[in-house]
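Numbering (the numbering used here), first residue to last: -16 to 381. All C-beta atoms in this analysis are idealised placements derived from N, C-alpha and C, irrespective of residue type, glycine included.
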């Protein structure tokens, strides 16, 4: 008879190196910077002290001047507004005791350090995604300094009422697009988004070009051409170290899928794109699934838009609708109160309990401006400074 092993005598090995699940780097990073020409402006004014940061916004002079007439008494007034922003804390930690740490198959402290760093990156990325569809407000965001805190300024879409959504849609009539036709617009958000259908209102290169034309025409009152009403004009993003101006469009996975399948976009990347030397799978987005460029718009997929901002069942025939965001300069703000720093538990149980954590303070929000001669702006007054928001078909894969 063959001799078998007793279960307690069988060799079991554990790798000391831990495998964790996927955490993607933020695709917002290349468009963040301290310059006012960045899509997301990084502002460090609250790092030393302060509760609130007011961002001064000044529009270009737009009057006709006086020619040879009398200038005194006919000077043009500067139109300015201070957009208030607030930061909140983001903190997390991992704790264990000496007994558990001694018997663990992996180093808990080194693993916790890596996971906490990943958590900090993820929480910032998720807040940036929620910011994209937030409704700007001139009052402190709800639940600030509470648990788990709220670093998104304004009103998150998930917390917005129907009246909030209607007010935002009305205030931003020249920078919201529903589907593939401007005629889908309504001051009632639910009515407008219900016009988005699953066939003609998919994300395409044509829809992207429509969003771009809206950005170019922003700040113009169609009912009073030539009359300035204090609405900001969206400025294209300029690629660093070049003079090329483009708009940057952030899309979720479903909208990006439809854009990839659009014949115009596919043909442009197949035929009009310069021929790269070497392996084409490293550069051409047909093979890589990377960002696409067409008609002066750079399209980037942000999968978390689908995960966090998909509007379930609100379109025609109850289809899902996905928002897309065509951005120019100074569309959003990232206000830093404190850079992420490691922390540790100092008062454990006679050094038997140990813990390590991470903490940061920041706030994110849309940059928005009140129209001319509007003080004490409410949610319905504020106009998005640098973004056109589109709503397209977001039907899931079969």
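- Excluding the 5 residues flanking it on each side, residue 297 has same chain C-beta neighbours closer than 6 Å at 176 and 304, in chain order.
- With fewer than 16 neighbouring CB atoms inside 10 Å of its own CB, residue 327 falls in the exposed class.
- Residue 76 sits away from residue 331, with the two beta carbons spaced by 8 Å or more.
- Looking at the DSSP output, residue 307 shares a beta bridge with 373.
- Unbroken beta strand (DSSP E) stretches of 3 residues or longer found wholly inside the stretch 193 to 251: 228 to 234, given in chain order.
- Cβ atoms of residue 376 and residue 179 come within 8 Å of each other, at about 6 Å.
- With a 10 Å radius around the Cβ and a threshold of 16 neighbouring Cβ atoms, residue 39 comes out exposed.
- Taking residue 132 as the centre and dropping the five residues before and after it, the same chain places the C-beta of 71 and 72 closer than 6 Å to its C-beta, in chain order.
- Residue environment analysis places residue 37 among the exposed positions, since fewer than 16 neighbouring C-beta atoms fall within 10 angstroms of its C-beta.
- In terms of Cβ geometry, residue 346 and residue 218 do not form a close pair [threshold 8 Å].
- With a cutoff of 8 Å on beta-carbon distance, residue 316 and residue 288 are scored as not near each other.
- Secondary-structure assignment with DSSP links residue 344 through a beta bridge to 72 and 321.
- Classified as exposed, residue 65 has fewer than 16 neighbouring CB atoms from the shown chains inside 10 Å of its CB.
- In the three-state reduction of the DSSP assignment, residue 143 falls in the coil class.
- Ranked by how close their Cα comes to the Cα of residue 119, the residues 155, 103 and 97 have 155 in first place.
- The criterion of a C-beta distance shorter than 8 Å is not satisfied by residue 22 and residue 232.
- With a threshold of 16 other beta carbon atoms within 10 Å, residue 93 falls short and is exposed.
- As the crow flies, the alpha-carbon of residue 27 is around 15 Å from that of residue 313.
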